[in-house]
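K.L.:
Take a look at this one; I'll ask things after.
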Amino acid sequence: MSDKQSFEQSLKVLEELVERLESGDLSLEESLSCFEQGVALAARCQKQLQQAEARIEQLVRDKDGRLQTEPFSPQVDQA
């Protein structure tokens, strides 16, 4: 795994690892290795998503009608 791997590359490798694990054709040791790699990739993807979210800003109007930017804050539905 390269530290410079893009989100898309990391996600593709993660999906391939999941397919290998789901196939049932791996030994226990191979399964553990895939699992460990998958956990590391999932953490990397999560970190990359958090970094991307931190960079997103939204355009809003202030009380006087002027446009300004502010950090994007996704609204989470409370179920």
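Mind the numbering: the sequence shown is residues 182 to 260 in my numbering, read in order.
Beta carbons: idealized from backbone N, C-alpha and C, even for Gly.
Looking at the structure shown, is L213 part of a helix, part of a strand, or coil, going by DSSP?
P.N.:
Your numbering for residue 213 matches position 32 in the sequence shown. Of the three classes helix, strand and coil, the one that applies to L213 here is helix, per DSSP.
K.L.:
Count the other CB atoms, across all protein chains shown, that sit within 10 Å of the CB of L222; report buried if there are 16 or more and exposed otherwise.
P.N.:
On the sequence shown, residue 222 is found 41 positions in, with the first residue counted as 1. The residue is buried, with at least 16 neighbouring Cβ atoms inside 10 Å.
K.L.:
Would you call the CB atoms of E251 and E234 closer than 8 Å?
P.N.:
The residue given as residue 251 occupies position 70 in the sequence shown. The residue given as residue 234 occupies position 53 in the sequence shown. No, they are not a contact pair.
K.L.:
Taking only three categories from DSSP, how would you classify L248?
P.N.:
Numbered from its first residue, the sequence shown carries residue 248 at position 67. L248 falls in the strand class under three-state DSSP.
K.L.:
From the DSSP output, read off the bridge partner residues of V241.
P.N.:
Here residue 241 refers to the residue found at position 60 of the sequence shown. DSSP, once it has assigned bridges, lists Q249 as partnering V241.
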